[in-house]
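With the numbering used here, the residue at position 82 of the sequence shown is 452, and numbering never jumps. The C-beta atom is built at its ideal place from N, Cα and C for all residues, glycine as well. Computed from a predicted model, the values in this text were never measured in an experiment.
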Amino acid sequence: MTQAICLHCGAEKLGAFTPCPACQAIPSGEDQLAFSMALCEHLHSTRDLTVFAADIRAHRKLVFALGVLEQAREALKDKQLVAMLGMVANRTQQPKCSTVKADA
Ligand SMILES: [Zn+2]
């Protein structure tokens, strides 16, 4: 799966839209989804992600390069990519226990 970081706490996780292993946050809403897309390997190198993670932990405002969020929003329209990044678009709401693991 794709390496990503949590937009809330900066923890590393696998898949942009998977629950964060540290704070359990799941990106929701268009803005958070776009941010999460931007905060994964799809749009940035792991080195960049490390820098963003540090910024998030320090509560600094994230500054993306021009056009990155637009790219992220475009990428959100790609259903296959979104599914690959861990979005549970078609899954019906099932009560799951806290031990949700990436099924890779
Ligand atoms: Zn988190």
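Cys393 classed as buried or exposed, judged by whether at least 16 other C-beta atoms fall within 10 angstroms: As a first step, residue 393 must be located in the sequence shown, where it is residue number 23. Looking at its Cβ environment, which holds fewer than 16 other Cβ atoms inside 10 Å, Cys393 is exposed.
Using the beta-carbon of each residue, find all residues closer than 6 Å to any heavy atom of ligand 1 and list them in chain order. Cys376, His378, Cys379, Ala381, Cys390, Ala392, Cys393, Ala395
Three or more C-beta pairs below 8 Å linking the stretch 439-446 and the stretch 415-422: Three or more Cβ pairs closer than 8 Å define a contact, and the stretch 439-446 falls short of that threshold against the stretch 415-422.
For Val433 and Cys376, the rounded distance between their alpha carbons: In the sequence shown, counting from the first residue as 1, residue 376 sits at position 6. In the sequence shown, counting from the first residue as 1, residue 433 sits at position 63. Looking at the two C-alpha atoms, the distance is approximately 15 Å.
Selected residue, minimal CA-CA separation from Arg430, among His378, Thr372, Ala374: The sequence position of residue 430 within the sequence shown is 60, counting from 1. Checked all of His378, Thr372, Ala374; the closest Cα to Arg430 is His378.
Taking the C-alpha atoms as reference points, what is the distance between Lys449 and Met371? Sequence index remark: in the sequence shown, residue 449 carries index 79 (1-based). Sequence index remark: in the sequence shown, residue 371 carries index 1 (1-based). Cα-Cα distance, rounded: 16 Å.
Lys447 versus Leu409, Ala435, Glu400, residue with shortest Cα-Cα distance: Translated into positions along the sequence shown, residue 447 becomes position 77. Closest option to Lys447, Cα to Cα, is Glu400.
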